[in-house]
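These notes are about the structure you will find just below.
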Amino acid sequence: MTVSDFTKLADNSSEASQWLSQLKIVDAARGRENLNSFVRLNLPLDLQTFLCGKLAEALPGCSDPDMALNNLERLFTRSRSPLSLAAMFERDATSLNTLIRIFSTSQSLSDQIITDPESFELVRITDGQPAARQYLVDEIVAEVNALNEEPAIMKALRRYKRRETLRIAYGDLICNQNIETVTRQISFLADALIEAAVQAAFKLVSLRFGKPTARGNRNGRSAAPRFSVLALGKLGGSELNYSSDIDLMFLYDGDGNTDGEKAITNKEYFERVGQRLMKLLTEPTELGTPYRIDMRLRPEGSHGPLINNLEGALHYYDIMGRTWERQAFVKARTCAGDMPLGEEFLQKLEPWIYQRYLSRADITGIKALKRRIEKRATAAGAADANVKTGHGGIRDIEFVIQFLQLLNGGDLPQIRTQNTLEGIRTLEEVGCLTLQERTILKDNYSFLRKLEHRLQIMFDLQTHSLPADPRERNKLALRMGYTDNPEASALDQFQADFAEKTEINRKILDHLLHDAFPDEEVTAPSVDLVLDPEPTADAIDEVLSDFGFHDPKTAYENLMALTRERVRFLSTRRCRHFLAAIAPQLLEAISQTPDPDSTLVNLSQVSDSLGGKEVLWELFSANPATLHLYVRLCAGSPYLSNVLISNPGMIDELMDSLMLDRLPSRRSLEEMLLELCRGAEDIMPILHSFKNLMHLRVGVLDILGKKDLGGRLQTLSDVAEVCLHQIVFREYRQLVARFGEPRLADGKPCDLIILGLGKIGGAEPNYHSDLDIIFVYEGNGHTVLDARSRGGSSTTNQHFFGQLGQRIIKSVNELGPYGRLYELDPRLRPTGKSGPMAVTLEDLYNYHAKGQGELWERQALTKARPIFGSEDGCAAATKTIRDAITCRPWQASDADEIRKMRARMEETASPNNIKRGPGGTVDIEFVVQMLQMKHLAESPEILVPNTLDGLKLLHEKGYLGQEDHDHFVKAYEFLRMVEARLRLMNTTARHDLPEERLEVAKLAYLLDYADPATLLKECRQMTRDTRRRFDQIFAAAGAG
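Sequential numbering of the sequence shown, starting at 1, is according to UniProt numbering.
Here you go:
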């Protein structure tokens, strides 16, 4: 270009536009503005002409002429001496070509050079040559160590990052250094900045709290506390890109305290160091943000502590480490801080990362990892334009290489390398890859990493997607080195290569994965959901919605809670493995419950309380029936669930309950409880625990529908009685020590007899039944103190047994830390709550014989049974009961009176009450009790307190017809079974059928009714028929 040509360009906009078009400038108006800016610089015409000539040579071949020209104009207009700058370009034409290449490739680097032109001069001197890691570390550490203020330190770190990034990019863009060199240099820079930040953080934290000091070990020796930074991910592999997150983990060793005036523990000190380090490297300033730090690969991820000590971290991975964490540690190395500490940790962890002998849990985890890689690739699809996560992209290659390293690294230590390209090379050397596979994967991986760099270096942004705009994608193709030719444009060539490389990547990787487990069966999606460390929200919804969960996100959180052991020494890894094995069956069983969401919540809470989930999942795997029972328990029985939640650690008891198919005998209960209480100072925790265990065992069989109703109720009665016996023994001994032993007038010992009435009297109580009792004793007299007793005083038997009764009631009824054992109710004693707590057998008889006792009180005695006392005392009490009932002859009007009493009970009951409502269980019990009172004088054997036994004897003696007997037995067993399930559901109204649809569904589920409406219909039919028969029988009895 001549001076005359340049003058025309400056004076004629049409000429300028034409010239700019030849330079491939798209925005002609902006281009003319750039030219006018050059003209306004008033440079000598020969220099301006020279510059335009060089631009005409360089711009058409660059990737973005518009961007290059604009950035060059900005450089000149902001320069302190445009003339010197132009003269430099005239002396060294290559410098202008270099700038144009940078200016057309990276806007972020262009801005840096324009803001700080000296940085370009410095990088030209070094020519972008690679620097040694230690050189970088020493240089920036020395600079930072000379500073004491945090803002100055942050500024120094950011300026160094910008300067060295420009050097590395120069080597990349201008010198065409290979991808291994570029990524290693970026990683070395990160290492240096992290080390400098560590040193600065130490200084800043120590100024306030002092330095950490060591606590002596058992040998009296102490080692200096240490702090190490581990790098994982791309930094760990020394293959960082221009805009990567850096994955870090902090580690320390050495307990103790700091030596400052405000002393803190070493752990707190190192936590503050870690926090300050992160602030130094991540806080935005006018010079930008050096890095984004990701700490989620530390033990327990984002939920865990920021820093872990050496032993704690090793223990976590040994007990709880997952396969994906092993995969992450394939790329782990020490990058800053105390290097020996980090190396010691990784050396000790290596046998866990690369396991020679894979357990079932390990194989399951590796297979799940394989399926996640395959699934992600399938989901991405061939059309995905994401260089990192797309089909056959960077992550596909990295994950498969790590997968092969995990699978084979136990036996082949030479493949244990953090770097992907190095991993590809070593895998081929040991025969895990063919030479062709190695060559293709190496070349394609390098291509994709270079492409990733070209995308990110433009604006220093973390992007991996190819631009959608064809013009922008064409610029990318040019930056990758493609050029137009007669056969195809640069863009077409680039796109064809990208598609071909990613497709062949995928074919090779699919082949490698298939060969790892060629005969693997199809795995349920729920298994992979349990094993996937970071499933997408869509994956969670897709899997869990199929099982009827309305809130998949919460359901997933509860499902994940089942994979973790809360007890430190238990293995979460094994727990997760065994849960994954049963996940499809477990979720399917939960889906069959009325409310899957609440079932899983409850199941998670119950399982958390047990303290050994792995054992439970293993049991369910071996015995699927126990799984379904456990789900039923958690879905339908808040009572049993609360027993487990309120009594942590009942894993063995639960497993026994799930496995045992029989109820304990009365004798075995007595022997077990006696042994448990032997020598105990406080027996109440033992009694509560014993009751909970036995209720759990009975409840499980109840839910299963195993064992007859009478057997389950009998066991509940036996449990209550043996617990009561232990309390009586304890309180009796304490009172004897105070007052002496009660004696009759003839000097013989005086026995206490406790009469059970109501449900306990009939040996048919339910889970929450009150225990109606009467305290009786053989006769009047006084207590006699032992000759060795000191400080005691004799008293009357009436006072002694009255005190004893009150103490027993207080112990049983008291609401303590374990809740209330039972509810003892002594109000059925003669004269009720206004009468003495304990009465003699004679007083009991006289109360009824002399007319003080009401008909209803004599009726209550039909359910009376001695539940405590000597053999002779119990026999005497049984006779007294019979005599008291028959002390007045039966009259027809008694039937009417009993009928009226029944009606009064109905007045306070809801129509849905299956006990006191019309046709409820009380109807059947009143029929039995009325017929017993009516015919007792002529048939003494019919007086039994148990309702079902009473029905049987009344039928055998001819007092109850066959149809009535059969109906009452069926109705009583059915309604008591419904009542038992209501008790297990912990409903507020313990005898009322629920009104809410969901609660009815839960009741039907517990009773194995597919349709809740069918259950309600049967209840109505049963109670209607019961009431009809009740009315007929009472009408006949009242008629005489």
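Don't be surprised by glycine CBs; every beta carbon is placed ideally from N, CA and C.
Legend entry - Reference L931, options G917, G920, A895, closest by Cα: Here residue 931 corresponds to residue number 931 of the sequence shown, with the count starting at 1. Residue nearest to L931 within the set G917, G920, A895 is A895 (criterion: CA-CA distance).
Inset, instruction - Report yes if the C-beta distance between L23 and L45 is below 7 Å; otherwise report no. - result: Along the sequence shown, read from residue 1 onward, the residue named residue 23 stands at position 23. Along the sequence shown, read from residue 1 onward, the residue named residue 45 stands at position 45. No, Cβ-Cβ distance for L23 and L45 is not below 7 Å.
Legend entry - C-beta atoms of R1029 and D964 nearer than 7 Å: The residue labelled residue 1029 in the question sits at position 1029 within the sequence shown. The residue labelled residue 964 in the question sits at position 964 within the sequence shown. Between R1029 and D964, the C-beta gap is smaller than 7 Å, which places the two residues in contact.
Inset, instruction - Grab me the residues of F926's own chain with a C-beta within less than 7 Å of its C-beta, minus the 5 sequence neighbours each way, in chain order. - result: Within the sequence shown, residue 926 is the residue found at index 926, counting from 1. Correct list, in chain order: I898, R902.
Legend entry - Straight-line gap, P836 to R738 (C-alpha atoms, nearest Å): On the sequence shown, residue 836 is found 836 positions in, with the first residue counted as 1. On the sequence shown, residue 738 is found 738 positions in, with the first residue counted as 1. Looking at the two C-alpha atoms, the distance is approximately 21 Å.
Legend entry - Best match in G636, L235, N623 for proximity to residue 1050 [C-alpha to C-alpha]: Nothing about residue 1050 can be reported from this structure: the residues present for the chain run from 1 to 1040 only.
Inset, instruction - Tell me whether C874 sits in a helix, a strand or coil according to DSSP, three-state version. - result: Against the sequence shown, residue 874 aligns to sequence position 874. Collapsing the DSSP output to three states places C874 in a helix.
Legend entry - Residue burial classification, F801 (beta-carbon count within 10 angstroms, cutoff 16): Taking the sequence shown and counting its residues from 1, the one referred to as residue 801 is at position 801. Buried, because 16 or more other Cβ atoms sit within 10 Å of the Cβ of F801.
Legend entry - Exposure label - K262; buried when at least 16 CB within 10 Å: Taking the first residue of the sequence shown as position 1, residue 262 is located at position 262. Around the CB of K262, fewer than 16 other CB atoms lie within 10 Å, so the residue is classed as exposed.
Inset, instruction - Tell me the start and end of each unbroken alpha helix (DSSP H) in the segment 402-430 that is at least 4 residues and wholly inside, in chain order. - result: Listed in chain order, they are 420-429.
Inset, instruction - Report yes or no: do the segment 189-203 and the segment 134-143 share at least 3 C-beta pairs separated by less than 8 Å? - result: They touch, by the three-pair rule.
Legend entry - Ranges of the alpha helix (DSSP H) found wholly within the segment 955-1036, counting only runs of at least 4: Whole alpha helix (DSSP H) segments, 4+ residues: 962-984, 997-1006.
Inset, instruction - Since I believe I727 is in contact with S811 (beta carbons under 8 Å), could you give me their beta-carbon distance rounded to a whole number of angstroms? - result: As a position in the sequence shown, residue 811 is number 811, starting the count at 1. As a position in the sequence shown, residue 727 is number 727, starting the count at 1. Taking a contact as a CB-CB distance under 8 Å, the pair S811 and I727 counts as one, their CB atoms being some 5 Å apart.
Legend entry - Beta-carbon proximity of W330 to Q414, cut-off 7 Å: Position 330 of the sequence shown, counted from the start, is the residue given in the question as residue 330. Position 414 of the sequence shown, counted from the start, is the residue given in the question as residue 414. Per the sequence shown, residue 330 should be read as Val rather than Trp. Cβ atoms of V330 and Q414: not closer than 7 Å.
Inset, instruction - Alpha carbon to alpha carbon, how far is S591 from residue 1055? Give it in angstroms, no decimals. - result: As shown, the chain starts at 1 and ends at 1040. That puts residue 1055 outside it, with no answer to give.
Inset, instruction - Give the DSSP-derived three-state secondary structure of C62 in the structure shown. - result: Along the sequence shown, one-based indexing puts residue 62 at 62. In this structure, C62 counts as coil in the three-state DSSP scheme.
Inset, instruction - Look at G758 and A864 and say whether their C-beta atoms are less than 7 Å apart. - result: Taking the first residue of the sequence shown as 1, we reach residue 758 at position 758. Taking the first residue of the sequence shown as 1, we reach residue 864 at position 864. Here G758 is not near A864, since their CB atoms are 7 Å or more apart.
Inset, instruction - Answer with buried or exposed for R1026, where buried requires no fewer than 16 other C-beta atoms within 10 angstroms of its C-beta. - result: Mapped onto the sequence shown, residue 1026 falls at position 1026. Arg is not the amino acid found at residue 1026; the sequence shown has Thr there. Classification of T1026: buried, given that the 10 Å Cβ count is 16 or more.
Inset, instruction - Could you check the C-alpha separation between residue 1051 and E437 for me, to the nearest Å? - result: Given a span of 1 to 1040 for the chain in the structure shown, any question on residue 1051 remains unanswerable.
Legend entry - Neighbour-count burial assignment, R218, 16 or more Cβ in a 10 Å radius: Locating residue 218 in the sequence shown gives position 218, counting from the first residue. Its pLDDT being 38, under 50, R218 is placed unreliably in this model, and the value from its coordinates should be taken loosely. Looking at its Cβ environment, which holds fewer than 16 other Cβ atoms inside 10 Å, R218 is exposed.
Inset, instruction - Can you tell me which of Y847, A838, M694, P685 puts its alpha carbon nearest to the alpha carbon of E814? - result: In the sequence shown, counting from the first residue as 1, residue 814 sits at position 814. Of Y847, A838, M694, P685, the residue nearest in Cα terms is P685.
Legend entry - Same chain, Cβ closer than 7 Å to G612, neighbours up to 5 away in sequence not counted: Residue numbering aside, residue 612 sits at position 612 when the sequence shown is read from its first letter. Within the same chain, L570, I651 come within 7 Å of G612 by CB-CB distance, once the 5 residues on both sides are set aside.
Legend entry - Continuous alpha helix (DSSP H) assignments of at least 4 residues falling wholly in the segment 758-791: Runs of the alpha helix (DSSP H) lying entirely within the segment 758-791, each at least 4 residues long, are 758-761 in chain order.
Inset, instruction - Return the chain-ordered list of same chain residues with a C-beta closer than 8 Å to the C-beta of M458, the five sequence neighbours on each side being excluded. - result: Indexing the sequence shown from 1 puts residue 458 at position 458. Excluding residues up to 5 positions away in sequence, T105, S106, Q107, S108 lie with their Cβ nearer than 8 Å to the Cβ of M458 in the same chain.
Inset, instruction - Can you have a look at I125 and say buried or exposed, based on whether 16 or more other CB atoms are within 10 angstroms of its CB? - result: As a first step, residue 125 must be located in the sequence shown, where it is residue number 125. It counts as exposed.
Legend entry - Exposure of T563, with buried meaning 16 or more beta-carbon neighbours within 10 Å: The sequence position of residue 563 within the sequence shown is 563, counting from 1. With 16 or more Cβ atoms within 10 Å of its Cβ, T563 is classed as buried.
Legend entry - Classification of Q462 by the beta-carbon crowding that lies within 10 angstroms, buried from 16 upward: Here the question's residue 462 lines up with position 462 in the sequence shown. Note on Q462: under 16 other CB atoms within 10 angstroms of its CB, so exposed under the neighbour-count rule.
Legend entry - Collapsed DSSP secondary structure at S432 in the structure displayed: Residue numbering aside, residue 432 sits at position 432 when the sequence shown is read from its first letter. Per the sequence shown, residue 432 should be read as Cys rather than Ser. Looking at C432 - three-state DSSP - the assignment turns out to be coil, as it is neither helix nor strand.
Legend entry - Closest by C-alpha distance to R983, when choosing among L1003, E996, A877, E973: Position 983 of the sequence shown, counting from 1, holds the residue named residue 983. Sorting L1003, E996, A877, E973 by C-alpha distance to the C-alpha of R983 places L1003 at the top.
Legend entry - Cβ shell of D1031 (< 7 Å), same chain only, five flanking positions each side left out: Numbered from its first residue, the sequence shown carries residue 1031 at position 1031. Within the same chain, no residue comes within 7 Å of D1031 by CB-CB distance, once the 5 residues on both sides are set aside.
Legend entry - 6 Å Cβ shell around D528 - same chain, five flanking residues per side excluded: Here the question's residue 528 lines up with position 528 in the sequence shown. So the qualifying residues of the chain are A368, R371.
Legend entry - Residues near P340 by beta carbon distance below 6 Å, same chain, minus five either side: Start at 1 with the first residue of the sequence shown, and residue 340 comes out as number 340. So no residue of the chain qualifies.
Inset, instruction - Identify the continuous alpha helix (DSSP H) that holds residue 1048 and give its terminal residues. - result: Here the chain has residues from 1 to 1040 only, and residue 1048 is not among them.
Inset, instruction - Just confirm the distance between the C-beta atoms of G171 and Q129, as a whole number of angstroms; I'd bet it's less than 8 Å. - result: What you label residue 171 is simply residue 171 of the sequence shown in a count that begins at 1. What you label residue 129 is simply residue 129 of the sequence shown in a count that begins at 1. Beta-carbon to beta-carbon, G171 and Q129 are separated by about 7 Å, close enough to satisfy the 8 Å threshold.
Legend entry - Unbroken alpha helix (DSSP H) run spanning V123, endpoints: What you label residue 123 is simply residue 123 of the sequence shown in a count that begins at 1. It spans 117-126 - the alpha helix (DSSP H) in which V123 sits, taken as one unbroken run.
Legend entry - Cβ shell of G941 (< 6 Å), same chain only, five flanking positions each side left out: For the purposes of this step, residue 941 is taken as the residue at position 941 of the sequence shown. At residue 941 the sequence reads Glu, which differs from the Gly that was named. Cβ neighbours of E941 beyond the five flanking positions: none.
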